[in-house]
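Trainee:
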Amino acid sequence: MASYTLRQTHGDTVNACYTAATAPSLPLSRILLLASLALTAAALDNRRWTTSASAVLLSLAFCVRSSREETLEIFPSLGLQLASRSGYHFSLPSVFSKPLTFGSSRKTHLIPLECIAKVVVNEALQGAAGRHYLAVVEKGARQADEAGRRVFVVFPSVLPRLADLQPVWKDTQRLLAPK
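Counting in the numbering used here, the sequence shown runs from 139 upward without gaps.
1. Among L218, S215, R203, R223, which residue has its Cα nearest to the Cα of A158?
2. Quick one: what's got a C-beta closer than 7 Å to K256's C-beta in the same chain, skipping five residues either side?
3. Which one of L210, R203, I212 has the shortest CA to CA distance from G225?
4. For my contact list, S295 and E211 are in at a C-beta cut-off of 8 Å; report their separation, rounded to the angstrom.
5. Kindly say whether V257, judged by its beta-carbon, lies nearer than 8 Å to any beta-carbon of chain C.
6. Among all the DSSP beta bridges, which residues are the ones paired with E207?
7. Closest to H270 by C-alpha separation, out of R299, P214, R244, would be which residue?
8. Applying the criterion that 16 or more other CB atoms from any shown protein chain within 10 Å of the CB defines a buried residue, is A267 buried or exposed?
9. Report the CB separation of L303 from P214 in whole angstroms; it is logged as a contact under 8 Å.
10. In or out: S243 buried (at least 16 other Cβ within 10 Å) or exposed?
11. Counting only runs that start and end within the segment 238–279, where is the beta strand (DSSP E) found for 3 or more residues in a row?
12. Closest to Q397 by CA distance: which of V259, R206, C155 is it?
13. Taking V292 as part of the beta strand (DSSP E), name the residues at either end of that continuous run.
14. Please report the straight-line C-alpha distance between R287 and Q146, rounded to a whole angstrom.
15. Go to P305, then tell me how far its alpha helix (DSSP H) extends in each direction, as first and last residue.
16. For a test of the three-state rule: what should DSSP assign to P165, helix, strand or coil?
17. Closest to V258 by C-alpha separation, out of L144, L272, G217, would be which residue?
18. Quick check on this structure: which residue in P316, A301, L297, W307 has the alpha carbon closest to the alpha carbon of Q264?
19. Does the separation of the CB atoms of I254 and G217 fall below 8 Å?
Below you can see the structure in the form of structure tokens.
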């Protein structure tokens, strides 16, 4: 299971925004980076240029990490906006203060308020275990099931724990409830 952070990036009585993000770095990568740098130094010492070039490329590969950030924005007068951003980060330990980002992409989807049937916390089977997820059920969708509904999973690649999903669900219910 990948580690993640789920935080409320802004919120008040009018609207709210929640962001879930996977951690872009692994502690093991620093150990592997140091090991491959040691291999590079040994290869340079023996004047094996192809081995040293391979070791340098291997060292740089350990500095690249992928990450994903998923956002739920709640607009009581408009609806819900689901956004997803993914990218690769290149960072050398203690060289750059911020990692260089490349190959990033962003997708957004707005579900209008009049199309939202309900927002639910559901449970699904994943292997032998159950996982909870937050879902938006849309009514009257074009590509829908027999009942005319389509389901959007919020935070689909992060899949936060139930304890983290409950405050998001409560805020969504509170802000989207008819006045």
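Even for Gly, the Cβ is constructed at its ideal location relative to N, Cα and C. Since the model is a prediction, treat every value here as computed from it, not as a measurement.
Mentor: Based on what the coordinates show:
1. Here residue 158 corresponds to residue number 20 of the sequence shown, with the count starting at 1. It is R223 whose Cα lies nearest to the Cα of A158.
2. In the sequence shown, the residue the question calls residue 256 occupies position 118. Here the set comprises V275.
3. For the purposes of this step, residue 225 is taken as the residue at position 87 of the sequence shown. That would be R203, whose Cα lies nearest to the Cα of G225.
4. By one-based count along the sequence shown, residue 295 stands at place 157. By one-based count along the sequence shown, residue 211 stands at place 73. That belief does not hold up - the Cβ atoms of S295 and E211 are roughly 18 Å apart, past 8 Å.
5. You won't find chain C in this structure, because it holds only one protein chain.
6. Taking the first residue of the sequence shown as position 1, residue 207 is located at position 69. In the DSSP output, where bridge partners are listed per residue, E207 has A159, R223.
7. In the sequence shown, residue 270 corresponds to position 132, counting from 1. Comparing C-alpha distances from H270 to each of R299, P214, R244 shows the shortest one belongs to R299.
8. Taking the first residue of the sequence shown as position 1, residue 267 is located at position 129. By the 16-neighbour rule on beta-carbons within 10 angstroms, A267 is exposed.
9. As a working note, residue 303 is residue 165 in the sequence shown. As a working note, residue 214 is residue 76 in the sequence shown. Rounded, the Cβ-Cβ distance is 20 Å, inconsistent with contact.
10. For the purposes of this step, residue 243 is taken as residue 105 along the sequence shown, with counting starting at 1. By the neighbour-count rule (16 or more Cβ atoms within 10 Å), S243 is not buried but exposed.
11. As far as the segment 238–279 is concerned, its whole beta strand (DSSP E) runs of at least 3 residues are 238–250, 254–264, 267–277.
12. Outside the displayed range of the chain (139 to 317) lies residue 397, so it cannot be described from this structure.
13. Your numbering for residue 292 matches position 154 in the sequence shown. Run containing V292: 287–292, per the beta strand (DSSP E) assignment.
14. Residue 287 sits at position 149 when you count from the first residue of the sequence shown. Residue 146 sits at position 8 when you count from the first residue of the sequence shown. When only Cα atoms are considered, R287 and Q146 end up about 28 Å apart.
15. Here residue 305 refers to the residue found at position 167 when the sequence shown is read from its first residue. 300–314 is the span of the alpha helix (DSSP H), which, as asked, contains P305.
16. Here residue 165 corresponds to residue number 27 of the sequence shown, with the count starting at 1. Caution applies to P165, whose pLDDT of 47 falls short of 50 and renders its modelled position unreliable; the value that the coordinates give is listed next. P165: helix per DSSP, three-state reduction.
17. Counted from its first residue, the sequence shown places residue 258 at position 120. Among L144, L272, G217, the Cα nearest to that of V258 belongs to L272.
18. As a working note, residue 264 is residue 126 in the sequence shown. Ranking P316, A301, L297, W307 by Cα distance to Q264 puts L297 first.
19. Translated into positions along the sequence shown, residue 254 becomes position 116. Translated into positions along the sequence shown, residue 217 becomes position 79. By the CB criterion at 8 Å, I254 and G217 fall inside the cutoff.
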